[in-house]
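Step one of this worksheet: look at the structure below.
Given below as C-alpha cells:
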C-alpha cells in the first residue's frame, strides 16, 4: 500500500494520505522529530497529542437506501428527470493519544 506523508507547518501536523486501503489491511506510519536547542537550558517539551481523522466510502451502521424518489414541484422535476445515486461515507470520531515528554537535543519517535 502506498501513501504520502508531508509535514504541514501551517497546521503543525504530519498529514498522511492513503488513496486506497483494502479490507483487513493494516497501515503504520513512523515519524522522527529532531528538537533543536535554542539555548543552554534544557526545557521539557510536551509532545502534542497524536490525533487522526478519516473518511471511508462505507456505512459502518449498515444503513442502506433502498428507494429514492424525487418530487420537486417548483422546479418541475420529476422522478424521471434526475439521476439518483447515494454516496455512503463513514467519518471518524476523535482518536487521540498522548505521549511522554522529551528534551531538546533528544530524538522523538512516534509510531
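Residue numbers (this note's numbering): -14 to 96.
Note that the Cβ used here is the ideal one computed from N, Cα and C, for glycine as well.
All values reported here derive from a predicted model rather than from experimental measurement.
From the options, residue whose alpha carbon lies closest to that of residue i
i	options	result
residue 51	3, -13, 71	71
residue 77	69, 66, 42	42
residue 56	47, 48, 49, 66	66
residue 7	21, -1, -7, -13	-13
residue 34	-10, -2, -9	-2
residue 3	-11, 60, -7	-11
residue 12	1, 19, 21	1
residue 5	29, 40, 17	40
residue 18	-8, 36, 46	-8
7 Å Cβ shell around residue i - same chain, five flanking residues per side excluded
i	result
residue 44	73, 75
residue 49	none
Neighbourhood of residue i by C-beta, 6 Å cutoff - its chain only, sequence neighbours within 5 removed
i	result
residue 9	none
residue 96	Any reading at residue 96 needs caution, since the residue's pLDDT is 46, under 50, leaving its predicted position unreliable; the model's value is listed next. Answer for residue 96: 15, listed in chain order.
residue -4	none
Beta-carbon proximity list for residue i, same chain, < 8 Å, skipping 5 on both sides
i	result
residue 53	69, 71
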